[in-house]
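Here the sequence shown is numbered in my numbering, starting from 2 and rising by one per residue.
Idealized CB from N, CA, C, for every residue including glycine.
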Amino acid sequence: MTRQKFVAGNWKMNGSLQANAALLQAICRALATDPPVCRVAVAVPAPYLAQARQLLEGSVVELGAQDVSRHEQGAYTGEVSAAMLGDFAVRHCLVGHSERRQYHGETDAVVAAKAQRLLAHGITPIVCVGETLAEREAAQTQAVVARQLGAVLDQVGADAERIIVAYEPVWAIGTGRTASPQEAQQVHAGVRAQLAAVSALAAQVPVLYGGSMNAGNAAELLAQPDIDGGLIGGAALKAPDFLKIISAARIQ
Ligand code: PEP
Numbered sequence: 002m003t004r005q006k007f008v009a010g011n012w013k014m015n016g017s018l019q020a021n022a023a024l025l026q027a028i029c030r031a032l033a034t035d036p037p038v039c040r041v042a043v044a045v046p047a048p049y050l051a052q053a054r055q056l057l058e059g060s061v062v063e064l065g066a067q068d069v070s071r072h073e074q075g076a077y078t079g080e081v082s083a084a085m086l087g088d089f090a091v092r093h094c095l096v097g098h099s100e101r102r103q104y105h106g107e108t109d110a111v112v113a114a115k116a117q118r119l120l121a122h123g124i125t126p127i128v129c130v131g132e133t134l135a136e137r138e139a140a141q142t143q144a145v146v147a148r149q150l151g152a153v154l155d156q157v158g159a160d161a162e163r164i165i166v167a168y169e170p171v172w173a174i175g176t177g178r179t180a181s182p183q184e185a186q187q188v189h190a191g192v193r194a195q196l197a198a199v200s201a202l203a204a205q206v207p208v209l210y211g212g213s214m215n216a217g218n219a220a221e222l223l224a225q226p227d228i229d230g231g232l233i234g235g236a237a238l239k240a241p242d243f244l245k246i247i248s249a250a251r252i253q
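See below:
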């Protein structure tokens with residue numbers, strides 16, 4: 002079975018009403034004339050979900066969010082629930098991004114609870130996993146990734162087939178340093194095997210690569226057999242760069 006490629010932009014804490022409109026209009030206009038063969042999504046900051054939803058109406062670009070509360074509702078000041086994301090027709094939401102793990106102390110258990118909460122609301126969790134430089138140097142990459150993914154798989158059970166995984170080596174995020182296609186493929190193959198151990202359908206979930214993917218290196222990364230797309234940070238903020246990555250998914 003050929004898996005359709007998936008390219009998602011993670012805007013992180015960037016944007017403004019004006020900048021978002023310019024960016025999304027440029028992306029939507031280009032994709033309307035030259036439809037992508039891959040799925041395309043953007044994960045926008047929560048306050049801009051309503052704006053992005055409106056701008057994306059009628060476009061192939063899917064709406065995503067960057068984080069969700071692990072709680073259903075109640076006295077959790079500042080949090081955004083999965084139900085609220087659902088109100089804005091959000092289709093995907095990142096969980097376990099390394100910036101959340103690193104700066105907000107999110108544990109594997111918290112990430113797993115968030116993934117489950119999203120699934121309960123019909124939203125696809127994009128589960129981010131990846132090792133730090135120190136872990137890579139200590140030859141812990143596969144073990145760390147397997148532990149992080151395993152926590153989610155244990156929690157969601159048969160719903161594993163409804164998730165998306167993003168392998169994002171922490172040392173490659175926002176640094177301009179990318180895993181080589183071979184390094185990334187090796188980890189992706191391990192992720193695929195872990196998913197395959199759950200079920201044949203889980204083995205088919207998209208496994209994205211993230212970490213300084215850009216217009217110049219996307220084609221080679223996306224050509225790897227187990228790399229099903231990209232999670233793009235910096236390069237997703239410039240329409241021409243994001244569009245080039247989307248085009249790179251076409252030529253595989
Ligand atoms: C990310 O934040 O998920 C990411 C991959 O960032 P960048 O592309 O900027 O490395």
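- Proximity below 8 Å, CB of Gly255 to CB of Phe243: Not covered by the structure: residue 255. The range shown for the chain is 2 to 253.
Report buried or exposed for Asp229, applying the criterion of at least 16 other Cβ atoms within 10 angstroms of its Cβ.
buried
Quiz prompt | Stretch pair the stretch 73–91 + the stretch 117–124: three plus CB contacts closer than 8 Å | solution = yes
Q: Could you pull the start and end residues of the alpha helix (DSSP H) that Pro241 belongs to?
A: Ala240 to Ala249
Determine the closest residue to Tyr254 out of Ala116, Ala201 and Arg193, with distance taken between C-alpha atoms. Past the boundaries of the shown model lies residue 254; the chain is included only from 2 to 253, so the question cannot be answered.
- Measure the CB-CB distance between Val166 and Ala116 and report whether it falls below 8 Å. no
Starting from Ala42, trace the beta strand (DSSP E) both ways and give me its first and last residue. Arg40 to Val45
| request: Give me the Cβ distance between Arg40 and Gln205, rounded to the nearest whole Å; I'm assuming they're in contact under 8 Å. | output: Actually they are not in contact, since the Cβ atoms of Arg40 and Gln205 sit about 14 Å apart, beyond 8 Å.
For Ile165, does the three-state DSSP call read helix, strand or coil? strand
- Which of the three DSSP states, helix, strand or coil, is assigned to Thr78? coil
Just the Cα atoms here: how many angstroms apart are Val111 and Gly175?
24 Å
| request: Would you mind working out which of Leu232, Glu63 and Leu222 sits nearest Ala249, comparing C-alpha positions? | output: Leu222
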